[in-house]
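Presented below is the structure to which this report refers.
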Amino acid sequence: MIIQSLIKRGEYRDSVALMSMANKLAKLPGIVDVSVVMGTPANKSILQEAGLLNAEAQTASPNDLLIVVRADDATLAADALNQAEQMLSQRSITSSADRAARPQSLRSAIRSAPDANVAVISVPGQYAAAQAWDALRGGLNVLLFSDHVSVEDEIALKTYARDHGLLLMGPGAGTAILNGVGLGFANAVPRGNIGIVAAAGTGLQEVSTLIAKAGAGITQAIGVGGRDVSEAVGGIMLLEGLKALQADTDTRVIVVVSKLPSQVVAEKIFAQVNCSDKPTVLALMTNYKLQITNAQSPISNLQSLASDLREAAAMAVALSRGENVDTARKKLAAEDKLIERKARVLRRKLNSRASRKYLRGLYSGGTLCEETMRIWQESLGAVWSNAPLDPKFKLSFRAERRESVSNTENKISRRQRTPPRNDNANWGIFPSKQHTVIDLGEEEFTLGRPHPMIDNTLRAQRILQEARDSRVAAIVLDVVIGYGAHPDPASELAPAIIKAKQIAARKNRELIFIASVTGTESDPQKLSRQTNVLRKAGAMVMDSNAAAAKFASAMVR
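Using the numbering used here, you'd call the opening residue of the sequence shown number 586 and step up by one each time.
Next up, the structure:
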């Protein structure tokens, strides 16, 4: 194989354009890997770890566009880079033709749309803060989709927004639904009387779509970015979103969704909840044992703490209808017993081969990944991951190759490049061990590539890799649909599921696939269609991610 690169000096493209180009290049014949990024030190560091940083690429500056391809031979690599040049040229021609009609800066866009009150910003992280400042100073609320914004910039931006009565959602805010309009990776959910504020993107999507499946709806869904609940940021915008929903007359019930907050932020959340009589459900990716050290701000009603996203949605729906949450919990407990009984049948089958005892989760959604890890950890013990709950269970990063590469030649045999065929081997980065959950949305997998909610190529490859491990009993998948997501993710995953089951069958094994679909029937991809495609491929499809995780753990417990 060979690695070649192309640097476009002083060339800038937004992150959506970069992902689109990478997706197209990855589909060209003979292209094994591709990355299209700005040449920042952080991006080059990750390219180095992945074995994609050659001598030429090292010279790229943060203001340069960097394209790197790994191909079967030099001709195919050169062809891919030529096509990249053509894509950039075509975009430049189109941009020139549209220049008179399109605002050339955020400030001019604000002048051309004086009634707008929200700006969605998706640019490389080093430029994002400056754009966000322009939007806030122009009086706009901001959804900051971009990652790689410093914590200092985040604090300053959010403090300014709070002090000026604005929302700064992000950085890394993947979704929001404001007055019925979806921003980012949002779903088509009906209007109702439940408001959501979330420091967890796919957590917001999971809760909002489960609410919709139950026949209820939402007023607003405010995503604030996962780092908001860190001790450093202090929950600035989650608290502002909570206050806004408490003041909103259309919102009858509030749901707070968050990855595990710092202790300080948890106390602030509880104190703010106590400032309102409005029923509030808390899904904080923890359990009921969370201790509040500040005696001045204990949660006034422990019944409002949900154990997972499924329970949070069920409780919110019950409260919105004036029903008792205990009734909702009893219904979920009955469903869990049914899950246990069905899993027990498969468990007996698996017990005939004691070696098949491990679970693998391959996730596109970070919050859903974390929810699964928590469920498995509670019932199974240690869970390994590239984004673990406990740092001691962090998987080691292992690139598919370690030696340095030149700009013109890199001789790696096809045997080295191809996933090994022995049953217990792993290939690629973050090789699995025991019970493993992989978050394929982390930057190690998304640098210069589309997010797995847009492109499942890497996940399909990983499915086949895990299928060759004879110790694996089941693979769990999340499928997240909605605006901005892949137009038909189930059809992209189905061939890999079918092939993986065939790989296992050749070794006289049955490999179980368990999936959940986060979405609604009104989403462009249609919930029913995605479910049917997955089932036809041989996967079990559960009603929620929590149910899928619980079924899997019950199988091997």
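Ideal placement from N, C-alpha and C gives every residue a C-beta, glycine not left out.
Chain B contact for residue i (CB, 8 Å cutoff)
i    : result
I592 : This model lacks chain B altogether, as it is built from one protein chain only.
Residue burial classification, residue i (beta-carbon count within 10 angstroms, cutoff 16)
i     : result
L923  : exposed
V858  : buried
M1140 : buried
L867  : buried
G907  : exposed
K552  : As shown, the chain starts at 586 and ends at 1142. That puts residue 552 outside it, with no answer to give.
N1130 : buried
R722  : exposed
A899  : buried
V814  : buried
L603  : buried
Q675  : exposed
A1124 : buried
Q881  : The predicted position of Q881 is uncertain, since its pLDDT is 46 and thus under 50; no value can be drawn from it.
K1121 : exposed
D862  : exposed
I587  : buried
D893  : buried
N909  : exposed
D748  : exposed
R941  : buried
S680  : Since pLDDT at S680 reaches only 48, below the 50 mark, its modelled position is unreliable, and the value read off the structure follows with that caveat. Exposed, because fewer than 16 other Cβ atoms sit within 10 Å of the Cβ of S680.
Delimiting residues of the alpha helix (DSSP H) encompassing residue i
i     : result
T563  : Missing from the structure shown is residue 563; the chain here goes from 586 to 1142 and no further.
K1135 : N1130 to V1141
T957  : G951 to L965
A1045 : T1042 to A1052
T1031 : E1028 to T1031
A856  : Q848 to V858
Segment limits, beta strand (DSSP E) that includes residue i
i     : result
K1092 : Looking at the DSSP string, K1092 is not in any beta strand (DSSP E), and its letter there is neither H nor E.
S590  : I587 to K593
I616  : I616 to M623
T1116 : Segment L1112 to K1121 is the alpha helix (DSSP H) holding T1116; no beta strand (DSSP E) there.
A627  : Segment P626 to E634 is the alpha helix (DSSP H) holding A627; no beta strand (DSSP E) there.
V1126 : M1125 to M1127
A761  : T760 to L763
For residue i: DSSP bridge partner residues
i     : result
A1059 : L944 and I1097
L867  : V841 and L890
D1024 : Y948
L1103 : The question names Leu, but residue 1103 is Thr in the sequence shown. According to DSSP, which records beta bridges pairwise, T1103 is partnered with V1065.
M754  : L728
S970  : K979 and V1022
L637  : Per DSSP, none; premise fails for L637.
Are at least three pairs of beta-carbons, each pair with one atom in the segment 766-780 and one in the segment 801-815, less than 8 Å apart?
-> Yes, the segment 766-780 touches the segment 801-815.
Quiz item: Going along the chain, which unbroken runs of the beta strand (DSSP E) with 3 or more residues stay wholly within the segment 767-839?
Solution: Listed in chain order, the beta strand (DSSP E) runs fully inside the segment 767-839 are 776-784 and 803-808, counting runs of at least 3 residues.
Worksheet item: Counting Cβ pairs closer than 8 Å, one from the segment 684-699 and one from the segment 612-632, do we hit at least three?
Response: Between the segment 684-699 and the segment 612-632 there are fewer than three C-beta pairs closer than 8 Å, too few to call the two in contact.
I'd like the ranges of any beta strand (DSSP E) spanning at least 3 consecutive residues and lying wholly in the segment 653-735.
Fully enclosed beta strand (DSSP E) runs of 3 or longer: 703-706 and 726-729.
Contact between the segment 924-934 and the segment 1035-1045: three or more CB pairs below 8 Å? Contact fails: fewer than three Cβ-Cβ distances are below 8 Å.
The segment 1094-1113 / the segment 755-775 touching (three or more Cβ pairs under 8 Å)
The segment 1094-1113 vs the segment 755-775: in contact.
Report task. Please confirm if the segment 949-968 is in contact with the segment 1124-1140, defined as three or more CB-CB distances below 8 Å between the two stretches. Result -> In short, these stretches touch, since the Cβ pair count reaches three.
Across the segment 1091-1106 and the segment 1043-1057, are there enough close Cβ pairs to call them in contact, namely three or more that are closer than 8 Å?
Yes, they touch.
Within the chosen definition, does the segment 911-921 reach the segment 746-753 through at least 3 CB pairs nearer than 8 Å? No: the two stretches stay apart, fewer than three of their Cβ pairs being nearer than 8 Å.
**Asked** Quick check: the segment 755-764 against the segment 807-821, are there 3 or more CB pairs under 8 Å?
**Response** Touching, yes.
Quiz item: Is there contact between the segment 652-671 and the segment 729-740, where contact requires at least three CB pairs shorter than 8 Å?
Solution: No, because fewer than three Cβ pairs between the segment 652-671 and the segment 729-740 fall closer than 8 Å, the two stretches do not touch.
Could you tell me whether the segment 788-795 touches the segment 818-830, using the rule of 3 or more Cβ pairs below 8 Å?
No, they do not touch.
| Between the segment 965-973 and the segment 1018-1027, are three or more C-beta pairs nearer than 8 Å? | Remark: three or more beta-carbon pairs, one from each stretch, lie closer than 8 Å, so the segment 965-973 and the segment 1018-1027 are flagged as touching.
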